[in-house]
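Here is the structure we will look at, set down as structure tokens.
Number of protein chains: 4
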Amino acid sequence: MNRKLRMGMVGGGRDAFIGAIHRIAAHMDGLIEVVCGALSINPEIAKASGEDLFLPADRIYMNFEEMITKESRLPADKRMDFITIVTPNFAHFAPAMMALDHGFHVVIEKPMTFTFEEAQQLHQKVQETGLLLCLTHTYSGYPMVKQARAMVTGGVFGKIRKVWVEYPQGWLSKLSEREGNKQAAWRTDPKKSGKAGAMGDIGTHAAHLAEYITGAEITHLCADLNALVEGRLLDDDGNVLLRMSNGARGVLMASQVAAGEENALKIRVYGENGGLEWAQHEPNTLLIKWLDQPTQILRAGGNYGDRLSSFATHNCRTPGGHPEGYLEAFANIYRNFALTLTARINGTTATPEMLDFPTTKDGVRGMAFIDNVVASAASDVKWTEYRI
Amino acid sequence: MNRKLRMGMVGGGRDAFIGAIHRIAAHMDGLIEVVCGALSINPEIAKASGEDLFLPADRIYMNFEEMITKESRLPADKRMDFITIVTPNFAHFAPAMMALDHGFHVVIEKPMTFTFEEAQQLHQKVQETGLLLCLTHTYSGYPMVKQARAMVTGGVFGKIRKVWVEYPQGWLSKLSEREGNKQAAWRTDPKKSGKAGAMGDIGTHAAHLAEYITGAEITHLCADLNALVEGRLLDDDGNVLLRMSNGARGVLMASQVAAGEENALKIRVYGENGGLEWAQHEPNTLLIKWLDQPTQILRAGGNYGDRLSSFATHNCRTPGGHPEGYLEAFANIYRNFALTLTARINGTTATPEMLDFPTTKDGVRGMAFIDNVVASAASDVKWTEYRI
Amino acid sequence: MNRKLRMGMVGGGRDAFIGAIHRIAAHMDGLIEVVCGALSINPEIAKASGEDLFLPADRIYMNFEEMITKESRLPADKRMDFITIVTPNFAHFAPAMMALDHGFHVVIEKPMTFTFEEAQQLHQKVQETGLLLCLTHTYSGYPMVKQARAMVTGGVFGKIRKVWVEYPQGWLSKLSEREGNKQAAWRTDPKKSGKAGAMGDIGTHAAHLAEYITGAEITHLCADLNALVEGRLLDDDGNVLLRMSNGARGVLMASQVAAGEENALKIRVYGENGGLEWAQHEPNTLLIKWLDQPTQILRAGGNYGDRLSSFATHNCRTPGGHPEGYLEAFANIYRNFALTLTARINGTTATPEMLDFPTTKDGVRGMAFIDNVVASAASDVKWTEYRI
Amino acid sequence: MNRKLRMGMVGGGRDAFIGAIHRIAAHMDGLIEVVCGALSINPEIAKASGEDLFLPADRIYMNFEEMITKESRLPADKRMDFITIVTPNFAHFAPAMMALDHGFHVVIEKPMTFTFEEAQQLHQKVQETGLLLCLTHTYSGYPMVKQARAMVTGGVFGKIRKVWVEYPQGWLSKLSEREGNKQAAWRTDPKKSGKAGAMGDIGTHAAHLAEYITGAEITHLCADLNALVEGRLLDDDGNVLLRMSNGARGVLMASQVAAGEENALKIRVYGENGGLEWAQHEPNTLLIKWLDQPTQILRAGGNYGDRLSSFATHNCRTPGGHPEGYLEAFANIYRNFALTLTARINGTTATPEMLDFPTTKDGVRGMAFIDNVVASAASDVKWTEYRI
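Which chain is which? The protein sequence lines are A, B, C and D, in order. In terms of my numbering, the first sequence opens at residue 1 and continues consecutively. In terms of my numbering, the second sequence opens at residue 1001 and continues consecutively. In terms of my numbering, the third sequence opens at residue 2001 and continues consecutively. In terms of my numbering, the fourth sequence opens at residue 3001 and continues consecutively.
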């Protein structure tokens, strides 16, 4: 295949937040071009947004049904290869299912669906169609997160005893949903966001990170969810005790009322011999702690011979000291998806490093996490078994 | 009074850890001299340890009973003013009670006693005798902890919503109590340490810090305590969900199996308008976070006019940039105790800053914390009401 | 104009370092597409590299002369708009001049030319043709560098007294140019790199940053340049005392033998009332120091109302806490160049924020810096006047 | 010897800064007691200050001559063992000489004397009398500075190529000497402070640190000294290029007009294989950087077996994570002086660790540094040979 992959976009019109991020991530490595879009349910915004992206008029669609239908009728050397869905949570499922039914691969913003049941159906559909679905759990795209996973699952620290993952933000410290903040409005509205607020929006990221790095699964949890801002309809803060399948105990914290915090996702993992610490605000650094040796500062792109995992180096574009960030982590997910899809089209074999992007399996667990954490929060019993 | 206060010491002989720390703290400001001691239950060590301290032979005692009895018979201008008790937890109560009964003031290492009941009796005895008892909850002696308390209780951040306090150490990552480590041996022995391991040793510090800074009390807790090192008799790791009397939700974590961590006590508090973060490893810095302004770095001794509380400046010895540490925090407790005692002896009034040291009230809450957290850990019900 | 700008590339074939960076930077914002290239002087590499970029066979050229000639004959709606030159220093001038002569705009990697005289000619040519030339002094593309410039030149700190800029790297700590390291080989070869080694490669970045942030110019310097690795032909380490046109004194340090350092460019500026500190390794943070108030942590994308300059916010893609890095800083230069060029094509007005990218004026000063610092290093007199 | 050492103090009365620091440092380890003092040239302050220290009335002296004379007549088991001199620079020499002439050992605040010639005489006197003179170059008392010295002089990093030492403070950013600031007044007055301002006050610390850690000597320097605050009589800012006896090149910066900085002494040393970084603001951390391995964080009191030098561990009082600071570094100098003096009195052998405190040799070099740096600043020639 001697061409870029062709992407169509659902959602992500002017003023949307995450849509623009997806486009940067898709563009960055020169492997993907945006060829069409159904960018807004408002026709005028849809049209203007398409023009912003230099889309030809006949590929600016008014809704996803039109886009999928018309694109599927285009010749193979012109029609989109996959769609990216960046609508609010409640509007993920329908376009994803329709796209798969029409033979298009899918990239989808997390949480994957509105309900756990939808997630299961989508997972089933992917299995049936054999198509690719990529879920953009951004934080697993960071090279030092991949390094962390390689070290923990490789047994470097011995048996894992403890996992602490925290995700404080402060941007919902006021009742912004009543003050015209659109991002706040849909995220705190149970009809658009789902059963959970902060736990769905960012708690799922934290849970995914904990499971991704440890290669273990949450088996039991004990949740305390609260709406700490008066008048809020969904949880804006939560603390959850964890038990994991590897025997580790843990804590997961997610808050959107930690006033003054930006986006401070951080994880610490401890085993018998040492542990690690990674913080999203300084993502190129991974602290490696040892029981009886000095802490080491591992850096993305570091000049350490083969000390860095191939999963870390594969996801770096620059040598050490040229900081890559959130957009590159996001782009790593797109890049791995694109490399895997290209390999499939070309009939070659995708490497394990290429295949390392989140899929419906992660999406199903993400929706299950929401259900389980909400069930636990409603229970007076300490430990709730994680059901899926 | 134109003299140093005279201190007698119970415990703290050669090779003891915390006894040497107490002496440094007592000596630092030139307000206290060690005049006698019952430094070990081993007579030879007691004698040698007394000589290390340049004590006269007749004031090196073989046990606390002898010391208290004989000192009480010395003339007023010679006998000790107070005793400091630095024995393992199970041996705090008896010398403290006897000292108070003989008219001596007391300084005592935390946790105050072996059981909650002893703590209550000691508190009662202090009330009856009118003598001073000072509990060395070291971390409340740091100037920036006092600054944090002043700001939080002064309402700077509005209503407090969230408290996160964590205390990871790694030094018990192996079963060191079976390998000749004396510090590990008594701390993990229920007969010497009490009901709780890590929660008693360091969890109590974390709980005290959270209550000290917020001026609020823990009202409910949900604890998960574990002995993560096989063969250990007491908890070496715990995670506790908190509800506090000011409506805040919180998490308290204490671990002695966080391999590679030193003594990483840290607290974060968030209110409506902002919050703060303080870490013991860099104790001269207090991060002040705001909802809509840049984070500020407050520094001990900082040149900010009256922006620093008098409680912070009273507890600094140096201008900004001359780092004070753990020993100075410890010395602040001794210094405030000494200034308060001197004021009492002189018939003058101790200022609020001088009076700001932990007492039996804190000790009773500390022992109650241990009881409550152990009770919660044993319960299948999510929330345990904090009883005292 | 309803299309992406079309870029042709000179240099940057397989295994080149900076060429790949330029492409990522050009692609990221969806404003530019690479349409042709003369990617290597080796025909096979040129061809393979072009295929990597999905270029059509007839626009993979064998050298820049062919590319410029043939592209200039293409219809206006197809031919490239500008060329990007990413060859070693000695091969910048010829393609730049030829491109300008044929009516193409130019993006060029720094240092702009091989000699000061070439720089002057290129500057003259740009004046004559009225075309755009953009010089990729990457570090001036960071939003917090732009914030620093806005604050310093806006007088926030009063008269500036001191500038410290340092740029330590460690990658030339061994004689790597003799061990097959291609990057090392041309950079340490006077025939390819020019008069200076580290001072040309990274010292020019440091000098540009100091002048960009302060809005002042170096007027005198006192340089100590050394080749600290035995056998090296050009300086690998240098320390330079500075006097600046605003009266400030300063130090500029550049080293490529600071073993263990990555790419640790850092600048500190102090004025009468306070100062600032910015480090490339954590580029989203700008420390603001005050004479009598706590230090503030300004963050890219921070939620501070209008406290951040429009030059900072214009160059951010994400809200605070979503770290942007080196590639985004690089992309900011491309994006501003693209917005300016698009405005020119459309006959609209570019804003000051768009126009804020380095040009031949910066390139001329960069080459003058090299000449002046080398002259000073050769002199026994303390101060050398900066000539241009 | 079964007693504390007895110290007499010259200077350091109420409101003096450094005198109180010396007392804390002397008291901390329980090895020294203050027995007498000539604490102020103002008799009332002298008396009141002596009472603050609980000195008996007959050992509160009105001037150093009286103190030395009368103490020398006291019986051996009562009279002071040594004097500590904490007066302004111009008043160091006379009491030091007289004390040595009367058989008393000496502790003296740096810079050792007012002129280089005095320093030479004092050094000569110490040689003649065989008494101890300890110079309180505080920063060499930090355990991680000693660790740095052990590693660099032990050859861990190979040949040393580069030394960067910087010491920014901001407290003289205004003309405070005219606004009633006594500390500022004498330090900026050539009659009391000497030839140099910032270079004498803090530049000497930086120079000492560079020579102490590297075990090498400055051989040539090129200085730019300036009084950046209008009306100031002595330098308040300086930048100095260095050549050292081990072939290393370097930079030394000292400023008291770096507005917003506290006391930010920092040093970086680079050799063939790696380097180190130490900053006084976080003194318990030493960064160890390697050419091809991850950076390590060495911590004072760290649990690394014998990886820490005996010189580092000897100067720690607490295990890792219990931060020691400026006062403990200061106390280390007193403690080593006291242990050495006690060994001498007892006829035992002081260990190399005990003997590791600054003496007149350091004091002579400190005064020579001032002379040389001032000479270089006055010269138009680039390099001034360091003469002593």
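The C-beta atom is built at its ideal place from N, Cα and C for all residues, glycine as well.
Judged by their CB atoms, D:Val3106 and D:Ala3096 are nearer to each other than the 8 Å cut-off.
Between C:Leu2252 and C:Ala2196, the C-beta gap is not smaller than 8 Å, which leaves the two residues out of contact.
Counting the other Cβ atoms within 10 Å of the Cβ of C:Pro2111 gives 16 or more, which makes it buried. Using a CB distance cut-off of 8 Å, B:Ile1297 counts as an interface residue toward chain C. Relative to the Cα of A:Ala338, the nearest Cα in the group A:Glu33, A:Gly11 and A:Ala16 belongs to A:Glu33. Within the region 1103-1127 of chain B, contact with chain D at the beta-carbon level (separation under 9 Å) is assigned to no residue. Taken through DSSP and simplified to helix, strand or coil, D:Met3354 comes out as coil. Residue-level contact check: D:Asp3292 touches chain A, since one or more beta carbons of chain A fall below 8 Å from its beta carbon. Residue-level contact by beta carbon fails for D:Lys3266 and chain C, as no gap is shorter than 8 Å. Straight through space, the alpha carbons of D:Leu3053 and B:Glu1353 are spaced by roughly 22 Å. Excluding the 5 residues flanking it on each side, B:Lys1159 has same chain C-beta neighbours closer than 8 Å at Asn1246, Gly1247, Gly1271 and Glu1272, in chain order. Taken atom to atom, the span from the alpha-carbon of D:Asn3315 to that of D:Arg3006 is near 22 Å. Assignment of B:Val1364 by DSSP, reduced to helix, strand and coil, places it in the helix class. If you draw a 10 Å sphere on the C-beta of A:Thr285, you find 16 or more other C-beta atoms in it, and that means buried. Around the CB of D:Ile3202, 16 or more other CB atoms lie within 10 Å, so the residue is classed as buried. With distances taken between CA atoms, D:Glu3118 lies nearest to D:Thr3360 out of D:Thr3360, D:Ala3375 and D:Val3269.
Collapsing the DSSP output to three states places C:Ile2045 in a helix.
Cα atoms of A:Leu341 and A:Leu39: separation of roughly 24 Å, rounded to the nearest angstrom. With a threshold of 8 Å between beta carbons, B:Glu1282 makes no contact with chain A. For D:Asn3239, the enclosing beta strand (DSSP E) begins and ends at Asp3237 to Met3244.
With a cutoff of 8 Å on beta-carbon distance, A:Leu135 and A:Asp362 are scored as near each other.
Residue-level contact by beta carbon holds for A:Asn303 and chain D, with a gap shorter than 8 Å.
Pairing C:Ile2213 with C:Val2269 gives a Cβ-Cβ distance under 8 Å. A direct Cα-to-Cα measurement between B:Tyr1326 and D:Lys3266 gives close to 22 Å.
When C-beta distances to chain A are compared with 7 Å, the residues of the region 1229-1258 of chain B below that value are Asp1237, Asn1239, Leu1241, Arg1249, Val1251, Met1253, Ser1255, Val1257 and Ala1258, in chain order. For the options B:Tyr1386, B:Ala1312, B:Ala1227 and B:Lys1004, the alpha carbon positioned closest to that of B:Arg1149 is the one of B:Ala1312. Contacts between D:Thr3348 and chain B, judged by CB atoms closer than 8 Å, are missing: the closest CB pair is about 15 Å apart.
Following the DSSP letters along the chain, one finds B:Met1097 in no beta strand (DSSP E) but inside the alpha helix (DSSP H) bounded by residues Phe1093 to Asp1101. For the region 2035-2049 of chain C, the set of positions with a beta-carbon nearer than 9 Å to some beta-carbon of chain A is empty. For D:Arg3003, the neighbours in chain B by C-beta distance under 7 Å run, in chain order, Phe1054. Not a single CB atom of chain B sits nearer than 8 Å to the CB of D:Met3009. One Cα belongs to D:Lys3078, the other to D:Gly3012, and the distance between them is close to 22 Å. Just so you know, the alpha carbons of A:Thr318 and A:Arg299 end up roughly 12 Å apart. By the Cβ neighbour-count rule, B:Val1381 is exposed, with fewer than 16 other Cβ atoms within 10 Å of its own. Collapsing the DSSP output to three states places B:Met1199 in a helix. Boundaries of the alpha helix (DSSP H) around C:Glu2071: Phe2064 to Arg2073.
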